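A.B. asks: Residues 36 to 448 in the numbering used here are what the sequence shown spells out, letter by letter.
Beta carbons are placed, not taken as given, at the ideal position from N, Cα and C, and that holds for glycine.
Since the model is a prediction, treat every value here as computed from it, not as a measurement.
Can you read through this structure? Questions will come right after.
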Amino acid sequence: MLLHTAPEQLESRQMLAGIVQATLRGTTLDIRGDAAANHIVVRQESPSNWQVKSGDGSTSISTQDHVGVIRNLRVRLEGGDDLVTLEEINFAGNISILTGEGTETVSLAGVTANDLRITNQAGAIDLSVVAGTQLRRIELTNRNGAATTSVDNAHVLRNVSTRVMNGLDELSLSSGSEVGGNLIRTTRGGDSVTTLADTSRVNGMARISVASGYTADFAQSDDASVGRLVGMRLQRLRNQVYSRPEGERLLADVTIPPSTGPHPAVLLIHGGYWRFGNKSNMRRQADFLAARGYTVVSIDYRLAPQATMPLQIYDVKAAVRWMRANADRFRIDPDRIAAYGYSAGAQLALILGVTDPASGLEGPGIGVADPSSAVQVVIAGGAPTDFQDRADDSTELEYLFGGTPAEVPELYR
């Protein structure tokens, strides 16, 4: 059925597909479908507000060759499987869709509007926002059922908010889609899956919340970005043994993002004059990086004066090899590992970046068949690098190297 909405054409029409009534009240067009199947196609110019109501039957609403700017669209669908398709149309105000029971499919292509609000009482929601659509805000609520939201080549100036009860909640951003504010997702009674693909981005935070007993998955491509990921449960593995030199247990804390990965990884190396400190000193940095999609490994290493150079180098290299050997377990991309340290930790990170197996610093018993200790990136803050100028008056260096430059000159070079 076609309902032409130019004012001079308004009338009640009955056709085989169903009954649709249209009434013009001032600048508001009221459309009501009462049959088992209603097909409403909006064409030409129409008043500044649309109100569409449908009974228990299925309803299809679409726009074709529409001219002019509409202020608000309000749709109320009582039941049945419904399809709302809006294409190449500008709304000066908001789009509100309230549905009853059934499967609701909503598609926006080339649409401009302020807020898009969708509320479903029961059944599934399938929302597609594509083809250059620009919205100020998206709010989706499904009170009893699953929801699938796809945003492809579209822009939301502020926030995207989804709230889904008793069903799987899936959302994807792709093809350069942008959320200018926050992505807020709440799922109760189902799992949550969020995917940022291609060059899509969330400029604010992504807050993902699921009920106990359900999982939240967040996948992000290399070219996608999110300002901050909060609310999801980071996996923390404490006191993992990464090496046993001469029977001593060296421990690591591993912090893993909730997404499936594989993730780029960062080895954190604490400072403290090579004599003090432990892996807990870097806990704040670990949480910061893991919340942004990195698997983080923070380590203890043998300290001076009980352990002298190059034992500390052996330890950090052993940690990198251990990360690669456990890449599947910790969801690490073995080709993207960085070393990050400050002060004494920065010096050890630099050594990781500039040495290879030919340097003779891999440690005893390490061969070519072992995983590589190479890192692709080094972040070094306040790294001491010139030991010869400091050696004469540095007790710390004597502890580290086990003697003065005159006693162990080869270690100071």
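Beta-carbon separation of P297 and P369 under 9 Å?
C.D. replies: Cβ distance < 9 Å, so P297 and P369 count as in contact.
A.B. asks: Where does I348 sit, in a helix, a strand or coil, going by DSSP?
C.D. replies: Three-state DSSP puts I348 in a helix.
A.B. asks: Check whether the Cβ atoms of T147 and F126 sit closer than 9 Å, and answer yes or no.
C.D. replies: Going by C-beta atoms, T147 is nearer than 9 Å to F126.
A.B. asks: How many Å lie between R319 and H305 at the Cα?
C.D. replies: Each residue's alpha carbon lies about 12 Å from the other.
A.B. asks: Please go through the same chain and pick out, in chain order, the residues whose beta-carbon is closer than 6 Å to the beta-carbon of H190, but skip the five residues on each side of it.
C.D. replies: Only Q169, E213 meet the Cβ criterion.
A.B. asks: Classify S378 as helix, strand or coil using the three-state DSSP reduction.
C.D. replies: Three-state result, S378: coil.
A.B. asks: Under the DSSP definition of a beta bridge, which residues are partnered with D7?
C.D. replies: Nothing can be reported for residue 7, as the shown portion of the chain is limited to 36 through 448.
A.B. asks: Is the segment 172-192 touching the segment 156-164 in the sense that three or more CB pairs, one from each, lie closer than 8 Å?
C.D. replies: Flag = yes, the segment 156-164 and the segment 172-192 touch.
A.B. asks: When DSSP builds the beta bridges, which residues end up paired with V355?
C.D. replies: Answer by DSSP bridge pairing: none, since V355 is not bridged.
A.B. asks: Relative to the alpha-carbon of I348, which residue among P392, S315, Y329 has its alpha-carbon at the smallest distance?
C.D. replies: Checking every option, the nearest Cα to that of I348 belongs to P392.
A.B. asks: Which residue from N194, N179, N217 puts its Cα closest to that of L203?
C.D. replies: For the residues N194, N179, N217, the minimum Cα distance to L203 belongs to N179.
A.B. asks: So L112 and T134 are in contact, right, with Cβ under 8 Å, and what is the actual spacing, rounded?
C.D. replies: About 5 Å; that satisfies the 8 Å criterion.
A.B. asks: Near A181, what residues of its chain come up, given a Cβ to Cβ distance below 6 Å and the 5 sequence neighbours on each side ignored?
C.D. replies: Answer for A181: A159, G202, L203, listed in chain order.
A.B. asks: Hey, out of S131, E123, R171, whose CA is closest to R29's CA?
C.D. replies: This structure gives no information on residue 29, because the portion of the chain shown stretches from 36 to 448.
A.B. asks: Are R371 and S408 touching if we call contact CB-CB under 9 Å?
C.D. replies: No, Cβ-Cβ distance for R371 and S408 is not below 9 Å.
A.B. asks: The alpha helix (DSSP H) spanning A321 covers which residue range?
C.D. replies: It spans 318-325 - the alpha helix (DSSP H) in which A321 sits, taken as one unbroken run.
A.B. asks: Roughly how many angstroms separate the alpha carbons of P293 and N238, rounded to a whole number?
C.D. replies: Cα to Cα, the separation comes out at about 20 Å.
A.B. asks: Taking Cβ positions only, does H298 come closer than 9 Å to chain C?
C.D. replies: The structure shown has no chain C; it contains just one protein chain.
A.B. asks: Compute the beta-carbon to beta-carbon distance between L285 and V276, rounded to the nearest angstrom, for a pair I have assumed lies under 8 Å.
C.D. replies: The Cβ separation is near 7 Å, so the contact holds.
A.B. asks: By the DSSP assignment, the alpha helix (DSSP H) with F365 in it spans what residues?
C.D. replies: Looking at the DSSP string, the run of the alpha helix (DSSP H) that includes F365 is 362-365.
A.B. asks: Touching or not, the segment 250-265 and the segment 329-347, by the rule of three or more beta carbon pairs under 8 Å?
C.D. replies: The answer is no - the segment 329-347 does not touch the segment 250-265, with fewer than three Cβ pairs under 8 Å.
A.B. asks: Does the separation of the CB atoms of S235 and S209 fall below 9 Å?
C.D. replies: Yes, the pair counts as a contact, with Cβ atoms nearer than the cut-off.
A.B. asks: Counting along the chain, where does the beta strand (DSSP E) carrying E136 start and finish?
C.D. replies: Where E136 is concerned, the enclosing beta strand (DSSP E) stretches over 130-136.
A.B. asks: Taking C-beta to C-beta, are L324 and T290 nearer than 9 Å?
C.D. replies: Yes, Cβ-Cβ distance for L324 and T290 is below 9 Å.
A.B. asks: Look at the alpha carbon of T221 and the alpha carbon of L338, and state the distance between them as a whole number of angstroms.
C.D. replies: The straight-line gap from Cα to Cα measures roughly 46 Å.
A.B. asks: To the nearest angstrom, how far is the alpha carbon of R242 from that of T229?
C.D. replies: The alpha-carbon atoms of R242 and T229 are separated by roughly 11 Å.
A.B. asks: Using beta-carbon positions only, say whether E122 and G137 come within less than 9 Å of one another.
C.D. replies: Cβ atoms of E122 and G137: not closer than 9 Å.
A.B. asks: Would you call N217 buried or exposed, if buried means 16 or more other Cβ atoms sit within 10 Å of its Cβ?
C.D. replies: Burial call: buried.
A.B. asks: Near E174, what residues of its chain come up, given a Cβ to Cβ distance below 6 Å and the 5 sequence neighbours on each side ignored?
C.D. replies: So the list reads R152, S196, once near-sequence residues are dropped.
A.B. asks: Since R171 contacts L192 with CB under 8 Å, what's their CB separation in whole angstroms?
C.D. replies: R171 to L192, Cβ: 5 Å. Contact.
A.B. asks: Measuring alpha carbon to alpha carbon, tell me which residue in A342, E139, A381, T250 is nearest E283.
C.D. replies: Nearest C-alpha to E283: A342.
A.B. asks: To the nearest angstrom, how far is the alpha carbon of Y249 from that of N149?
C.D. replies: Cα to Cα, the separation comes out at about 33 Å.
A.B. asks: Looking at the secondary structure, which residues open and close the beta strand (DSSP E) in which V301 lies?
C.D. replies: Segment 298-304, the beta strand (DSSP E) holding V301.
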